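Be aware that the sequence shown starts at 354, since it is given in our numbering, and climbs by one per residue. For reference, the structure is listed below as structure tokens.
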Amino acid sequence: MTSIALPRALQSPWRTFSLSLALPTLQSLWELLPPIVLAVPKKKVSHSRKAMRSAHKGLKDKLNIVHCPGCGQPKLAHHACRSCYDSIISQLRRESKKERRS
354 MTSIALPRAL
364 QSPWRTFSLS
374 LALPTLQSLW
384 ELLPPIVLAV
394 PKKKVSHSRK
404 AMRSAHKGLK
414 DKLNIVHCPG
424 CGQPKLAHHA
434 CRSCYDSIIS
444 QLRRESKKER
454 RS
């Protein structure tokens, strides 16, 4: 009767590899995959696919436009009217110039 010799790994599998040899180190991973390979697209994104992806990002209509009660010009709700603001600022500048002269 002949005896069959088992491979060393099957005789005592828990003793074949030490903990440090079983786990790959981070340095060996960097050697396998250089950093330039890690995060690059596989293919060029076509213009149409890029346009389809950003189709919902278009301009939206303003729904909060009201008329100014002072001058009747259109303005954004809860904002100062530009024409009224300009007229008030010009009046204040004229008054401050008059005070400086006298």
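Heads up, the beta-carbon is just placed ideally off N, CA and C, and yes, glycines get one too. Owing to the predicted nature of the structure, the values given are computational and were not obtained by experimental measurement.
Item                                                                                                                                                 : Value
DSSP on K410, reduced to helix/strand/coil?                                                                                                          : helix
Helix, strand or coil: how does DSSP classify K395 here?                                                                                             : coil
May I have the straight-line CA-CA distance separating Q426 from R402, to the nearest angstrom?                                                      : 42 Å
Keeping to the same chain, check which residues put their C-beta closer than 8 Å to that of K415; ignore five residues upstream and five downstream. : L429
Going by CA-CA distance only, name the one from R446, V419 and L385 that's closest to A433.                                                          : V419
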